[in-house]
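Peer 1: Numbering-wise (our numbering), the sequence shown opens with residue 25 and increments by one. Where is the CB? At the ideal position from N, CA and C, for every residue including glycine.
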Amino acid sequence: MAKQPVETTRFGRASRQIRLQTIVWLRWLAVAGQSATILIVAFGLGFPLPLLTCALLIAALATANLFLSARFPATYRLEPWEATLLLAFDLLQLTALIYITGGLSNPFAPLICVQVIIAFASQPLKHSLVLLFFALACATAIAFSPFPVPWYPGEELPIQLIIHIGIWCSIVAMMLFAAFYAYRVSHEANQLADALAATELVLEREKHLSQLDGLAAAAAHELGTPLATISVVAKEMQRELGKDERFSEDVALLRSQSERCRDILRRLTSLSAEGEEHIRRLPLSSLIEEVMAPHREFGVKLKLVEKSGRADEPVGARNAGILYGLGNLLENAVDYAKDMVTVTVAHDQQQVMVTIEDDGDGYSPDILARIGDPYVTKRHNDATAGGLGLGLFIAKTLLERSGASLTFENRGPNAAGARVTVVWPRSVMEDNKSR
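1) Out of curiosity, what's the CA-to-CA distance linking I395 and D382?
2) Thinking C-beta only, is L278 closer than 7 Å to A258?
3) How far does the alpha helix (DSSP H) with R95 in it extend, from its first residue to its last?
4) I'd like the span of the beta strand (DSSP E) that includes K327, first residue to last.
5) Is the segment 110-119 in contact with the segment 174-183, if contact means three or more CB pairs nearer than 8 Å?
6) Classify C466: buried if its beta carbon has 16 or more other beta carbons within 10 angstroms, exposed otherwise.
7) Could you give the DSSP three-state label for E298: helix, strand or coil?
8) Identify whether G410 lies in helix, strand or coil by the three-state DSSP scheme.
9) Could you check what DSSP says for P131 in three-state terms: helix, strand or coil?
10) In whole angstroms, what is the alpha-carbon distance linking G386 and G349?
11) With a 10 Å radius around its C-beta and 16 neighbouring C-beta atoms as the bar for buried, classify S429 as buried or exposed.
12) Could you check the C-alpha separation between A393 and F322 for me, to the nearest Å?
13) Classify A341 as helix, strand or coil using the three-state DSSP reduction.
14) Going by beta carbon distance, what residues of the same chain come within less than 6 Å of V367, once the five residues before and after it are set aside?
15) Can you name, in chain order, every residue of its own chain whose Cβ lies under 6 Å from the Cβ of M261, other than the five neighbours on each side?
16) Nearest to H211 by CA position, among P318, S152, P74, is which residue?
17) Taking buried to mean at least 16 other C-beta atoms within 10 Å of its own C-beta, is V339 buried or exposed?
18) Beta-carbon within less than 6 Å of E454's beta-carbon, same chain only, minus the 5 sequence neighbours each way: which residues are those?
19) Given that a residue counts as buried once 16 or more other Cβ atoms are within 10 Å of its Cβ, and exposed if not, what is G441?
20) What residue from K325, P318, D372 has the CA that sits closest to G333's CA?
21) Please determine, among V369, T421, D390, the residue with the shortest C-alpha to C-alpha distance to T445.
22) Apply the 10 Å Cβ neighbour rule to Y205 and answer buried if 16 or more other Cβ atoms are within range, or exposed otherwise.
23) For F144, is the classification buried or exposed, using 16 other Cβ atoms within 10 angstroms of its Cβ as the cut-off for buried?
24) Give the DSSP bridge partners of M364, in chain order.
25) Do the CB positions of M377 and V447 come within less than 7 Å of each other?
26) Have a look at the DSSP bridge pairing and note the partners of H371.
27) Taking the alpha-carbon of N214 as reference, which of Q41, F271, D287 has the nearest alpha-carbon?
28) Which complete alpha helix (DSSP H) runs does the segment 115-170 hold, if anything under 4 residues is left out?
29) Can you give the beta carbon distance from P177 to I124, rounded, assuming they're within the 8 Å contact cut?
30) Tell me where the alpha helix (DSSP H) around T61 begins and ends.
31) Of the residues A56, S272, V256, S309, which one's Cα is nearest the Cα of R286?
32) Would you list the residues sitting across from A442 in a DSSP beta bridge?
33) With 16 as the cutoff for other CB atoms within 10 Å, does G415 come out buried or exposed?
34) Quick check: the segment 49-65 against the segment 161-168, are there 3 or more CB pairs under 8 Å?
35) Mind checking who P307 pairs with in its DSSP beta bridge?
36) Can you give the beta carbon distance from R443 to R435, rounded, assuming they're within the 8 Å contact cut?
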């Protein structure tokens, strides 16, 4: 699967759609704030203001809000272009309000950055960039405002040109920095949320596979009664029609096949009854063997080193998360190994440790610093890297949920390859539920 940005993934598209109700509440907050500010400045401080024009601009925002609330349900999610248009309208209204009340001299001029921050935190990058350029144009427009900043009657507040330029530069800088910061934080949060959702799907799949044995036993039990009835009827038919050449062969076939079905169901039932405890509770050696078995036929030698023996090995619940996590780490080692992968198992009364080492090229320093993050697809930076890079992240997340701590490192100057060490407190691993 080709790598693609998170915005175009199935999870990412939904995470980039903002609710209309959110915009509506933000607008009501803006209406309340603008109204309070105008009233305080005009009547509290006694500064002259174009009250009628200000009231019309605030009323326009409130009217648009009422229309949206009446036209769409509160749960409606805005498409990116719709959200961009609404934010652009809000930005235009605020720009007009600042323009007629002093322009850059107005201490509330930096508020034109708010819509840009909202866009970069909630919308795709291309739509956010459109709003950013529009906001830059608005910031430039208010720099040419001919209206004086409201001040005491009969007095004028002189603002030097160099101060205007400095304010404009500070607004632009703040807008760019805040936009970049909001986008990076939102982007990483969306990546993490999508990756965790994928982790849950993988875990549910593993749990589903673990439950198939119980389903097989239930099916065998439910099918036993009707199959016994079919077998009895087949015997009666063979007794009555056994000498009739027209039906004898078909009746014999029906009886033999019913007996075969009964044998299959009997084996399913006995397997479940005999192996249920083995499936639910696994000693450490059996768990490691179950993890290693699928990877023995890929041309890479798998070597198992048991430092502590099996006399007092821990026995824990069959945890699908542990099986998948260790299996993914081992698969990753096999993919990058040249000749051999070594799995070392050690345990004592305090902890259980599993170490997976390969003889490949190891991790590059920049990848090692980000190991376990979602969407890291290769051990080395590679423009042709495929996949979404979720495997290692999912493995790390599932193992940490089971109580393990993981360490990723290179083997060192005297031995090529990578090393992953997984350590559980023994009490935690033995108490692990099959989750």
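Peer 2: Result, derived from the coordinates:
1) Near 16 Å, if we compare the C-alpha coordinates of D382 and I395.
2) yes
3) 75-95
4) 325-330
5) no
6) Nothing can be reported for residue 466, as the shown portion of the chain is limited to 25 through 459.
7) Note on E298: pLDDT 47, under 50, position unreliable in the model; no value is reported.
8) Low confidence applies to G410: its pLDDT is 38, below 50, so where it sits in the model is not reliable, and the reading given next is rough at best. Assigned with DSSP and collapsed to three states, G410 falls in coil, not helix or strand.
9) coil
10) 19 Å
11) With fewer than 16 other Cβ atoms within 10 Å, it is exposed.
12) 29 Å
13) strand
14) L328, I380
15) V275
16) S152
17) Flag for V339 reads exposed.
18) Closer than 6 Å at the Cβ level, and outside the excluded window around E454, lie P338, G340.
19) buried
20) D372
21) Comparing alpha-carbon positions, the option among V369, T421, D390 lying closest to T445 turns out to be V369.
22) exposed
23) buried
24) Partner residues in the beta bridge of M364, as assigned by DSSP, are K325.
25) yes
26) V376
27) Q41
28) 138-146, 149-166
29) P177 to I124, Cβ: 18 Å. No contact.
30) Secondary structure note for T61: its alpha helix (DSSP H) is the uninterrupted segment 44-63.
31) V256
32) N434
33) buried
34) no
35) V339
36) 5 Å
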